[in-house]
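Novice: Numbering (my numbering), first residue to last: 14 to 238.
Glycine residues also receive a C-beta, built at the ideal position from the N, C-alpha and C atoms.
Let me give you the structure first, and then I'll get to my questions.
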Ligand SMILES: [Zn+2]
């Protein structure tokens with residue numbers, strides 16, 4: 014496994030200490046299967062497990078793209094929240110699935126304390142749900158629901174795209190999370206939005222998935238009636 018991991022250096026924006034942490038080489042990842050809510054399994058190490066960087070000195074945790082560039086307000090909120098806390102745990106080496114799970118819990122906790130955007134909270138919650146799925150733990154559904162609620166808020170209050178999700182992808186994903194949580198009417202509503210999105214030709218992969226899952230949810234709905 015070790016040859017697909019490499020060391021990357023960071024400077025913590027909270028405590029200013031330097032540290033290095035392992036990451037997965039993107040070129041070494043081999044996808045096994047992609048699922049309808051974008052969950053992906055790998056034949057090799059799962060890069061999601063190493064997505065959250067955790068400072069070993071002060072426990073500050075965030076994904077790579079939101080690790081730096083904190084506003085003064087965020088910096089103060091996080092410093093206050095972490096002040097006097099001891100981590101006693103090192104996330105910088107090879108990670109077990111429990112390490113991966115706990116790194117996302119820390120990141121979610123810190124994202125909330127810095128009042129991160131709903132789209133950030135949603136993304137972290139979705140990945141936490143995926144790790145629970147990998148662990149075959151039914152707490153997956155609690156985090157799918159948390160992701161769903163935050164994606165809906167983000168869709169209504171933030172400018173699109175949300176990270177790498179364009180409008181049709183968000184509509185599709187809200188539909189799919191609703192379907193997984195047995196909210197059939199909501200799922201149909203959001204899949205309809207995706208398949209009638211004027212920009213759908215720009216994202217034929219998502220348009221196709223939305224049509225397929227719209228059909229799936231109709232069939233599931235028939236069975237439960
Ligand atoms: Zn730190």
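Looking only at its own chain, which residues have a Cβ that is under 7 Å from the Cβ of residue 98, when we skip the five neighbours before and after it?
Specialist: Within the same chain, residue 98 has close Cβ partners 72.
Novice: Within the structure, which residues are defined as neighbours of ligand 1 by a Cβ-heavy atom distance below 7 Å, reported in chain order?
Specialist: Going along the chain, the residues that qualify are 25, 27, 28, 30, 68, 70, 71, 73.
Novice: Which of helix, strand or coil does DSSP assign to residue 132?
Specialist: It is helical.
Novice: From the DSSP output, in three-state form, read off residue 163 for me.
Specialist: Three-state DSSP puts residue 163 in a helix.
Novice: Within a Cβ cutoff of 7 Å, which residues of the same chain sit near residue 137, ignoring the five residues on either side of it in sequence?
Specialist: Correct list, in chain order: 117, 120, 121, 124.
Novice: DSSP state of residue 175, grouped into three classes?
Specialist: In this structure, residue 175 counts as strand in the three-state DSSP scheme.
Novice: Using a Cβ-Cβ cutoff of less than 8 Å, which residues in the same chain neighbour residue 151 once the five nearest sequence positions on both sides are dropped?
Specialist: If we look at residue 151 and ignore the five residues flanking it on each side, its Cβ neighbours are 145.
Novice: Assuming residue 62 contacts residue 32 (C-beta within less than 8 Å), just tell me the rounded distance between them.
Specialist: 18 Å between Cβ atoms; not a contact.
Novice: Would you check if the region 74-91 and the region 40-57 touch, i.e. whether three or more CB-CB distances between them fall below 8 Å?
Specialist: Flag = no, the region 40-57 and the region 74-91 do not touch.
Novice: If distances are taken between C-alpha atoms only, which option among 219, 178, 127, 78 comes closest to residue 94?
Specialist: Here the closest residue by C-alpha is 127.
Novice: What does the Cβ neighbour count give for residue 110, buried or exposed, with the cut at 16 atoms within 10 Å?
Specialist: Exposed.
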